[in-house]
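**Student:** This is the structure, below, for whatever I ask next.
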Amino acid sequence: MPDALLSVKDLVVEFKTEDGIVHAVDGITYDVFPGETLGIVGESGSGKSVGTLALLGLIPQPPGRIVSGTATFQGRDLLKLKRRQLRALRGEEVAMVFQDPMTSLNPVLKVGYQIGEAVKTHHPKEPDEKVKSRVLDLLRLVGVPEPETRFDQYPHEFSGGMRQRAMIAMSIANNPSLLIADEPTTALDVTIQAQVLEVLKRVQAETNAATIMITHDLGIVAELCERVLVMYGGKIVESGDVHTIFQKPRHPYTIGLMDSLPKLTEDEEWLRPIPGAPPSLINRPSGCAFHPRCFLSQGRLRCREEVPELRKAEGEAHAAACHFSEELAGRASKFAEAAATGGVA
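What the sequence shown shows, in the working numbering, is residues 71 to 415, in sequence order.
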């Protein structure tokens with residue numbers, strides 16, 4: 071196996087608020103390897119976006135604070151870089167696609183100029199003609215029709231899907247080694263979502279960039295990712311390759327996420343949500359943070375009092391943070407059953 075492109079160890083991120091300290095990310099550890107797509111999934115507030123924004127110095131400090139941890143990218147600890155060094159790295163070696171294409175572009179600047187600016191920032195001596203040619207090539211790569219015309223248009227003249235394509239073009243303008251996509255299809259309708267996902271797959275095939283896909287949509291993970299991290303309450307509660315996670319989940323939260331999705335093969339009036347609500351990151355439950363919502367806990371003392379460690383569940387590459395994960399052996403999620411028959415909505 072090649073060396074990790076990005077290696078995050080024991081990352082802890084907090085936010086100071088009037089109500090107390092928000093423990094947004096609590097000691098997460100993971101690797102990203104060259105050319106792979108790693109999915110990070112979880113409900114809103116699980117810490118999946120904050121954990122990656124912190125790597126690039128994109129959380130406000132204060133109130134945010136990186137308490138501890140390391141993030142080694144190509145031999146450098148991102149968390150120790152100065153602001154000037156991070157500015158040189160962002161957009162050049164690591165790039166990000168944000169979740170809201172409607173507000174990510176400057177409304178008073180032409181789209182072509184904004185994409186070209188991403189090139190000029192890191193290559194200021196590049197001739198304008200070469201920059202424009204590069205931008206047109208990028209627009210073609212991401213599937214924007216009539217790129218010569220679109221180059222001189224403003225963001226309001228683009229649809230939501232076209233804006234997200236433009237943002238993807240901007241993110242890959244300098245051929246980064248690592249692309250972080252933060253809920254890239256959230257604001258788009260289902261048809262456009264599918265088109266944007268096809269663009270992301272094409273881009274990765276062309277550039278061979280490693281990709282971190284942050285999402286709450288397990289369907290996206292199943293389609294795009296090789297490995298997946300499941301986050302809950304600021305912690306990683308399960309990790310493994312996508313096939314294993316879907317076919318042999320070993321954490322009750324992962325099963326709950328899968329079973330809450332609609333299935334075309336079942337005729338039910340109501341979805342089956344995970345009971346309760348995500349935990350407060352200021353006053354988290356004692357023991358396992360998921361135990362108040364867990365069908366497996368059933369009031370067990372160990373779940374209430376002891377924080378479970380992320381330990382091997384099945385093979386070297388599969389781990390789960392559950393005291394009783396062995397009891398889930400042989401239990402496939404409804405999602406896995408539906409996916410096997412093509413019945414996932």
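We put the CB at the ideal spot given by N, CA and C, even for glycine. Just so we're clear, the structure is a prediction, and the values are computed from it rather than from any experiment.
Restricting to runs no shorter than 4 residues, where is the alpha helix (DSSP H) found entirely within the region 320-371?
**Tutor:** DSSP runs (the alpha helix (DSSP H)) wholly in the region 320-371: 322-329.
**Student:** Whose C-alpha, out of I344, I315, P348 and P319, is nearest the C-alpha of Y302?
**Tutor:** The option with the nearest alpha carbon to Y302 is P348.
**Student:** Can you give the beta carbon distance from P133 to F103, rounded, assuming they're within the 8 Å contact cut?
**Tutor:** Actually they are not in contact, since the Cβ atoms of P133 and F103 sit about 33 Å apart, beyond 8 Å.
**Student:** Quick one: is T87 buried, meaning 16 or more other Cβ sit within 10 Å of its Cβ, or exposed?
**Tutor:** It counts as exposed.
**Student:** Using a Cβ-Cβ cutoff of less than 6 Å, which residues in the same chain neighbour E106 once the five nearest sequence positions on both sides are dropped?
**Tutor:** So the list reads A280 and E296, once near-sequence residues are dropped.
**Student:** Using a Cβ-Cβ cutoff of less than 6 Å, which residues in the same chain neighbour A399 once the five nearest sequence positions on both sides are dropped?
**Tutor:** Result list for A399: empty, nothing under 6 Å.
**Student:** Distance check for V178 and A275, CA to CA, integer angstroms please.
**Tutor:** Rounded to whole angstroms, A275 to V178 spans 33 Å at the Cα level.
**Student:** Of the residues I306, C373 and A387, which one's Cα is nearest the Cα of K79?
**Tutor:** Checking every option, the nearest Cα to that of K79 belongs to I306.
**Student:** Could you give the C-beta distance for L270 and I238, rounded to a whole number, given that I count them as a contact under 8 Å?
**Tutor:** With 8 Å as the limit, L270 and I238 qualify as a contact, their Cβ atoms being about 7 Å apart.
**Student:** If you run the structure through DSSP and keep just helix, strand and coil, what is T255?
**Tutor:** In this structure, T255 counts as coil in the three-state DSSP scheme.
**Student:** For L81, which residues does DSSP report across the bridge?
**Tutor:** Note: L81 sits in a beta bridge opposite I98.
**Student:** Look at the alpha carbon of G109 and the alpha carbon of D198, and state the distance between them as a whole number of angstroms.
**Tutor:** Looking at the two C-alpha atoms, the distance is approximately 37 Å.
**Student:** Any C-beta of chain B sitting closer than 9 Å to the C-beta of A359?
**Tutor:** This model lacks chain B altogether, as it is built from one protein chain only.
**Student:** Would you mind sorting Q263 into buried or exposed? The rule is 16 or more other CB atoms within 10 Å of its CB.
**Tutor:** The residue is buried, with at least 16 neighbouring Cβ atoms inside 10 Å.
**Student:** For V269, name the three-state secondary structure that DSSP assigns.
**Tutor:** V269: helix per DSSP, three-state reduction.
**Student:** To the nearest angstrom, how far is the alpha carbon of E375 from that of T256?
**Tutor:** Their Cα atoms are separated by approximately 37 Å.
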